[in-house]
Structure formats: C-alpha cells, structure tokens
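Student: Pasting in a structure now, in structure tokens, and then I'll have a few things to ask.
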Amino acid sequence: MAATRGMAWTFGDHINTESILGSGKEENWGSAMDGVLAYYDPEFSKKVQPGDFIVAGRNFGSSSGRPAGEILRSKGVKAVICTSSAMVFYRNTWNIGLPVLQCPEILEKVQKGDELEVDVEAGTIKVLKTGEVLQAEETPWILLDIYRQGGMLGWIKSRRQEYETLEQA
Amino acid sequence: MSGHTLTEKILAKASGKKEVSPGEIVIARVDALFMHSPRYKFKHFEKIGGVKSVWDGDKVIVAVGHHQFLPSSQEYADAVTFVRKECKRYGIKHLYDMGTGNGHYLMLEKGHVWPGAVAVGSDSHTTAYGCIGCLASPMNFETSEVMLSGKAWFKVPPTLLVKLEGTVKRGVSARDVAQHVLGIVGADGALWHAVEFDGAYLRRLSIQQRMIFSLLTTEMGAMCGMMETDAVTLAYMEGRSRQPFEPVYRDTDARYAKVLEIDVSELEPQIAVPPQPSYTKPLADAAGKKVQQAYVGGCTGGGIEDMRMAAEVMRGRKVHPEVRLIVVPGTVAVFEQMMKEGLVEVFTSAGALITPPYCGPCQMICVGHLGEGETMIGTHPRNLPGRAAADTEIYLASPYSTAAAAVAGEITDPRQYL
C-alpha cells in the first residue's frame, strides 16, 4: 500500500481509550462521535479530515480494552503515530485495519497541523515541512500480515482452510 | 545460558518451544478465553460466514452479568438475549448470567484457570488470573479469532520482578501496597512487560488479595502480572480446577529487565487521585476532600476480605448523611459468606446499600452514576476521564479508607475507626 499524506493532530501522554470512546458507548456510538478526544482537544472531533493522522506521546490508548480505534477510523483517521502505544489498543487497532506506529521521537519532530507522509509497510513518517524522515519501530510480522488483508476478518477469510471451526467451500 | 522467568517458561510450553526470549513473536495455545460483552464478536462470525462452533466450548467463558446485575436498558436486555442465543449456537458451555457476579472473580472461583495455563480475555483486567500462576493477558477485538483457532500470538515480554517484603501496619491493606507499587512503576512503567511479584509479604496473602496486584498491572501497561504457585495457590485450587495441571516455576537464574525491592513495613495508607490510577499519594495528602459516594467492590475490592475490612470500619457506625455507600460483593459466594459472617447486617444497619454481585459502578453503565460535580472514593481499579460524567472526580483507596470516608463524609485516615 502506498504512502499517504495528511495532517497531524497532536496529543500528549497517557491518552486513555475512554476519552476516545466513552464507557457504555461501544455498541451505540450516537453522541460519542462528537466527543472523540474532546477532553484533550475539543476541536479535533469537529475539524478532523479524512486522511489525517493522530500523533501522540507515551502510552497512547491506555486503560480499557474497548476497540476505540474503530471510532478513530470512522472519523477518517488514517494512522496513529505515537511515542509508545498501550498493548491492547495497539493489537485491537491493527486488527481493525488501522495502523499504529510507535516512533519514540515523533512528538519532538511534529507539531499540530504539520503535513505528514506515512508509509505503513516501511514504517516511515516524512515530515513535509522539514523533509525529515522518521523511522518507526518494527511492527510484528503477524500484524503486517493482518493489515495486508484489510484487518482480522479479511485475514481469517484468506486463511479459511486453516480453521477446523469453519465450513470449507 | 541464563534461565527463564515464569512468563517465558509458560509461553515456551504453550507454543511448543524449548525456550523463548523477549521480543520473539510466539503463537500459543489458549486454555481459557474470557469475555463479558461478546455481542460484536458474534457479528464478526456472521461476516466471516460458515462458523460451525468455537474451538472448544469448555474453554470459552462468557460473563454477561459482569457489567450489569440486571439489564439497565432495553438495549442491554436485547444484547444479552442475543448473546445467550449465540452461545448455544456456537457451543459455548459456560455462561454466567445476570446476578452471578464479577467475571474475574468467577474465572478463579469456578476453576476456569489454573497454574501454568494461558488465558486471554476481552477485558483489560484479564491480567487478574496471574495471581495463581496462570499467564493471563488482555486482548479484545482478536478474541473472535481466538474463538475459532484456540490460539493467540504474543510478543515475549521483558520481565519486571517486584519483591515485597515486611509486614504492613494495622489499617494498611493489600490495596495500599498495590497502589504504592503502581505509583512507583507508573502508568507505562511496565508497558509491554510482564510483571512478576514475589516476597514474604505477598506469599502471606490470600488468592483474592493477591489478585489486586496481578489485576492492577494493567494500569502499568503490562501484558501480564504473575505470581509463582505456592501452598496457598494449591490449597485454593483443591477441588476447583477443571483440569489437572502442572505448575510452572521460574528458574533461579532467570533474567529480569528490572528488579524492584520494596519493604512494606513503614507504608501509610495510600490513595490514587484523579485522573490516573497511577497517581498515588499518601492518603493524608487528600484528607478533608468531601465525597458524595463511596464504593466498596469492583475487581480490586469485591473479595470477602475487602468486605471484612469495610465492615470493621462500619460496625456500630452510620454512613454520613451526605454520602451514599454502595457495597458490591464480587460473586454470589462472597455474598453468601458475608451473610454467614453477619457483614450484611453491619452494612445495612449503617445505612449502606448492597447491590447484587457484579463489577460495580466503576464505569457508570448499570447503576450508581455520579451527579454533576460529585466526588466518589472507591476500591475499584480506575478513575480516568470518560468513566463517569465530566466534572466528577474519582479517588481510589483501600476498603478501610473507603468506608472511613463514608463515615466522615470526607477522605480521612481509617485508623481512627479501627
């Protein structure tokens, strides 16, 4: 998949999943779509554009294991790039088909509104205003496999014959 | 060649390898899969198509009564009806229904996990079962895949060893110690790590009190929170485990990323202040803060000893007129034991409200919502933004301190009531 360009929305450390998708809203987003990350940046939910990126600090997506990445994808977010990601958020979000790149220096190099070019397969983030290319940590091979199939559901379907629990065509 | 940690040894065994090292990706067989709200996972099955059954109906455990003791809305009632039907359809044998209790306590109490097992769960506090030497780790979206394959992948974590020595002072509980450790390690101090606990203090605790430590490792970012099997574990497992098991022990020359040695002897009561479970302070720093709701229960306060500690403070006293004290037993067995010991009467005569067993108002999704501007103190694990209405504050502390705040109407040192 080719590199994509978009604008960066920046957040700090320890952004928790409840502030992305509130408790009890997992199956009925309703008002949750307007409240995404509002605790940290009330502008985000109103102004985020399809193709934009979330850039954040340490431990992004901490706390509850709810698949909060789904509501970020619905807001049009193309990838999350953070200093480090909470484990369940990271696994969930790749499995949804939305990449999370861990890049320790990202917040030092990127400011809100900067345009970025992100290549998920290569794990690179180009900051267009400076031309600098940042390298993210290696993504586990299994998650890249899943991502290439569009997420977990596509990955299961592509390996259907490996499951005794599935009817075979 | 150096030895291996408990986590490494369980992962090696479950993935059919001789040994594993941090950073490696392994695919392990799963012995137990815990879920409380699997509705959307069954929707995944519809999208995949042709799902015959889960891989092993005996190893999938669904606790629909975890978040709500009775459906609080039509929507939830419909979701639960759907889940019951789908569990039957896919051969899931263990469904804990409304009013049975908090799923994490049930997983241990009902023998669904055992020493040396690998468990995964859709709840982030699945780390809980590490207290019996089971490798237990949260994963959510992927549990749909685990239901089909009976396997899960892990990135072998580096391990942090926490050794707890000494004897606590009167009025200081396991929660105070666990809260203190969480404060030292921090919200991401064990990110993608395993945490293993040991030490004379820990080995004197019951399984339910040890669970506070394993469960709270999630709040440090950990993959799992482990303890070695000992005589306390084996006594607890007696007649409980659904499968014969072989405990796994760590090598004496295991390699740790970091070792933390803590003497608990001088520790004072602790409290977590908003908005992070890891923001630990001495309770004295928050003294005088008015509370409107106090809550004894949740995954880190619903055990029988938690109930005893809270009752010790409440015996012969009244809940402050401007406070609601909510007591939530972890399971029906905990509730029954409370009745036997006369604790129910202690709480009701003090003016507390006892709910049926469930996870409690840790998230405001069943009952016990906070009103605007209100403050709650509780024994539960979390106080983050988004768990209650905006403009509310949540403090986390021991059952002693929570009950003491219910009596005083404000956060106060519980030892004056003991």
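In order, the protein sequence lines correspond to chains C and V. The opening residue of the first sequence carries number 1 in our numbering; numbering runs sequentially from there. The opening residue of the second sequence carries number 1 in our numbering; numbering runs sequentially from there. Using N, Cα and C, we set each Cβ at its ideal position, and we do this for glycine too.
Reducing DSSP to helix, strand and coil, say where N16 (chain C) ends up.
Tutor: Translated into positions along the first sequence, residue 16 (chain C) becomes position 16. Strand, per DSSP.
Student: DSSP on M339 (chain V), reduced to helix/strand/coil?
Tutor: Position 339 of the second sequence holds residue 339 (chain V). It is helical.
Student: To be precise: take each residue of the segment 137-155 of chain V, compare its Cβ to all Cβ atoms of chain C, and keep it if any distance is under 9 Å. Which residues remain?
Tutor: Listed by position, the residues of the segment 137-155 of chain V near chain C (Cβ gap below 9 Å) are S137, P138, M139, N140, F141, E142, S144, E145, M147, L148, S149, G150, W153, K155.
Student: Can you pull the chain C neighbours of P423 (chain V), defined as C-beta to C-beta under 8 Å?
Tutor: Here chain V covers residues 1 to 418 and nothing more, so residue 423 (chain V) does not appear.
Student: With DSSP as the reference, identify every bridge partner of G183 (chain V), one or two as the case may be.
Tutor: Taking the first residue of the second sequence as position 1, residue 183 (chain V) is located at position 183. Its beta-bridge partners do not exist; DSSP assigns none.
Student: At what residues does the beta strand (DSSP E) containing H94 (chain V) begin and finish?
Tutor: Taking the second sequence and counting its residues from 1, the one referred to as residue 94 (chain V) is at position 94. Where H94 (chain V) is concerned, the enclosing beta strand (DSSP E) stretches over 94-96.
Student: Report the neighbours of K157 (chain C) on chain V: residues whose CB is nearer than 7 Å to its CB, in chain order.
Tutor: Counting from one through the first sequence, the residue named residue 157 (chain C) turns up at place 157. Simply I48.
Student: Helix or strand or just coil, what does DSSP make of V195 (chain V)?
Tutor: Within the second sequence, residue 195 (chain V) is the residue found at index 195, counting from 1. Of the three classes helix, strand and coil, the one that applies to V195 (chain V) here is strand, per DSSP.
Student: Please tell me whether L221 (chain V) has its Cβ less than 7 Å away from any Cβ of chain C.
Tutor: If you number the second sequence from 1, residue 221 (chain V) lands on position 221. This sequence places Gly at residue 221 (chain V); Leu is not what is there. Cβ-Cβ to chain C under 7 Å: yes for G221 (chain V).
Student: Compare the Cα-Cα distances from F11 (chain C) to each of C:V118, C:E70, C:W29, C:E108 and report the closest residue.
Tutor: Here residue 11 (chain C) refers to the residue found at position 11 of the first sequence. Answer by Cα proximity: C:E108.
Student: Alpha carbon to alpha carbon, what distance is there between V30 (chain V) and L113 (chain V)?
Tutor: Along the second sequence, one-based indexing puts residue 113 (chain V) at 113. Along the second sequence, one-based indexing puts residue 30 (chain V) at 30. Sequence inspection shows Val at residue 113 (chain V); the Leu mentioned does not correspond to that position. Cα to Cα, V113 (chain V) sits roughly 11 Å from V30 (chain V).
Student: Residues of chain C with CB closer than 9 Å to the CB of S21 (chain V), please, in chain order.
Tutor: Start at 1 with the first residue of the second sequence, and residue 21 (chain V) comes out as number 21. The contacting residues do not exist; S21 (chain V) stays about 15 Å from chain C at best.
Student: Name the residue from C:S64, C:R73, C:W9 whose alpha carbon lies nearest to the alpha carbon of S122 (chain V).
Tutor: Along the second sequence, one-based indexing puts residue 122 (chain V) at 122. The candidate whose alpha carbon is nearest that of S122 (chain V) is C:S64.
Student: Does the beta carbon of S45 (chain C) come closer than 7 Å to any beta carbon on chain V?
Tutor: Taking the first residue of the first sequence as position 1, residue 45 (chain C) is located at position 45. So, not an interface residue.
Student: With DSSP as the reference, label K85 (chain V) as helix, strand or coil.
Tutor: The sequence position of residue 85 (chain V) within the second sequence is 85, counting from 1. In this structure, K85 (chain V) counts as helix in the three-state DSSP scheme.
Student: If the cut-off is 9 Å on Cβ atoms, which residues from the segment 62-78 of chain C count as contacting chain V, listed in chain order?
Tutor: Of all residues in the segment 62-78 of chain C, the ones placed with a Cβ closer than 9 Å to any Cβ belonging to chain V are S62, S63, S64, G65, R66, P67, G69, E70, in chain order.
Student: Counting only beta-carbon separations shorter than 7 Å, does A187 (chain V) have a partner in chain C?
Tutor: The sequence position of residue 187 (chain V) within the second sequence is 187, counting from 1. Yes, because at least one Cβ of chain C sits closer than 7 Å to the Cβ of A187 (chain V).
Student: By the 10 Å Cβ neighbour count, where 16 or more other Cβ atoms means buried, how is P42 (chain C) classified, buried or exposed?
Tutor: As a position in the first sequence, residue 42 (chain C) is number 42, starting the count at 1. Burial call: exposed.
Student: Confirm, please, whether the CB-CB distance from L215 (chain V) to T331 (chain V) is below 7 Å.
Tutor: For the purposes of this step, residue 331 (chain V) is taken as the residue at position 331 of the second sequence. For the purposes of this step, residue 215 (chain V) is taken as the residue at position 215 of the second sequence. Against a cut-off of 7 Å, the Cβ pair of L215 (chain V) and T331 (chain V) comes out as no contact.
Student: Can you find the residues in the same chain that come closer than 7 Å, C-beta to C-beta, to E109 (chain V), ignoring five residues on each side of it along the sequence?
Tutor: Within the second sequence, numbered from 1, the residue matching residue 109 (chain V) stands at position 109. T331, A333, listed in sequence order.
Student: Quick one: measure Cβ to Cβ for G378 (chain V) and T402 (chain V), integer angstroms, because I've assumed they're closer than 8 Å.
Tutor: By one-based count along the second sequence, residue 378 (chain V) stands at place 378. By one-based count along the second sequence, residue 402 (chain V) stands at place 402. Rounded, the Cβ-Cβ distance is 6 Å, consistent with contact.
Student: Entirely within the segment 78-115 of chain C and at least 3 residues each: give me those beta strand (DSSP E) ranges in chain order.
Tutor: Within the segment 78-115 of chain C, the complete beta strand (DSSP E) segments of 3 residues or longer fall at 79-82, 100-102, listed in chain order.
Student: Only counting runs of 4 or more residues, tell me where the alpha helix (DSSP H) segments fall wholly within the segment 34-75 of chain V, in order along the chain.
Tutor: 39-48
Student: Do the CB positions of V120 (chain V) and L33 (chain V) come within less than 7 Å of each other?
Tutor: Within the second sequence, numbered from 1, the residue matching residue 120 (chain V) stands at position 120. Within the second sequence, numbered from 1, the residue matching residue 33 (chain V) stands at position 33. Yes, they are a contact pair.
Student: Could you name the residues of the same chain whose beta carbon sits closer than 6 Å to that of V88 (chain C), not counting the 5 residues immediately before and after it, in chain order?
Tutor: As a first step, residue 88 (chain C) is located in the first sequence; it is residue number 88 there, counting from the start. If we look at V88 (chain C) and ignore the five residues flanking it on each side, its Cβ neighbours are G65.
Student: Taking 7 Å as the threshold (beta carbon to beta carbon), is I81 (chain C) in contact with chain V?
Tutor: The residue labelled residue 81 (chain C) in the question sits at position 81 within the first sequence. Not a single CB atom of chain V sits nearer than 7 Å to the CB of I81 (chain C).
Student: Using a Cβ distance threshold of 8 Å, determine whether the segment 286-300 of chain V contacts the segment 382-399 of chain V, with at least three qualifying pairs required.
Tutor: yes
Student: Compare the C-beta of I25 (chain V) against all C-beta atoms of chain C and say whether one is closer than 7 Å.
Tutor: Locating residue 25 (chain V) in the second sequence gives position 25, counting from the first residue. With 7 Å as the cut-off, I25 (chain V) counts as an interface residue toward chain C.
Student: Could you give the residue range of the alpha helix (DSSP H) that holds V313 (chain V)?
Tutor: Within the second sequence, residue 313 (chain V) is the residue found at index 313, counting from 1. V313 (chain V) -> alpha helix (DSSP H) spans 304-314.
Student: So, at 6 Å on beta carbons, what are the nonlocal neighbours of E24 (chain V) in its own chain, with the 5 sequence-adjacent residues on each side left out?
Tutor: The residue labelled residue 24 (chain V) in the question sits at position 24 within the second sequence. Excluding sequence neighbours, E24 (chain V) sits near V156.
Student: Which residues of the segment 213-241 of chain V have a Cβ closer than 9 Å to any Cβ of chain C? Give them in chain order.
Tutor: T218, E219, G221, A222, M223
Student: So, E115 (chain C) versus L128 (chain C), is the Cβ gap smaller than 7 Å?
Tutor: Translated into positions along the first sequence, residue 115 (chain C) becomes position 115. Translated into positions along the first sequence, residue 128 (chain C) becomes position 128. Yes.
Student: Would you list the residues sitting across from R324 (chain V) in a DSSP beta bridge?
Tutor: As a working mapping, residue 324 (chain V) is identified with position 324 in the second sequence. Paired residues: V:Q293.
Student: Compare the C-beta of R5 (chain C) against all C-beta atoms of chain V and say whether one is closer than 7 Å.
Tutor: By 1-based counting over the first sequence, the position of residue 5 (chain C) is 5. Not closer than 7 Å to any Cβ of chain V, the Cβ of R5 (chain C) fails to qualify, so no.
Student: Go ahead and pull the three-state DSSP assignment for Y395 (chain V).
Tutor: Residue numbering aside, residue 395 (chain V) sits at position 395 when the second sequence is read from its first letter. Reduced to three states, the DSSP call for Y395 (chain V) is strand.
Student: Output the boundary residues of the alpha helix (DSSP H) element that contains E43 (chain C).
Tutor: In the first sequence, counting from the first residue as 1, residue 43 (chain C) sits at position 43. Per DSSP, E43 (chain C) is one residue of the alpha helix (DSSP H) stretching across 42-47.
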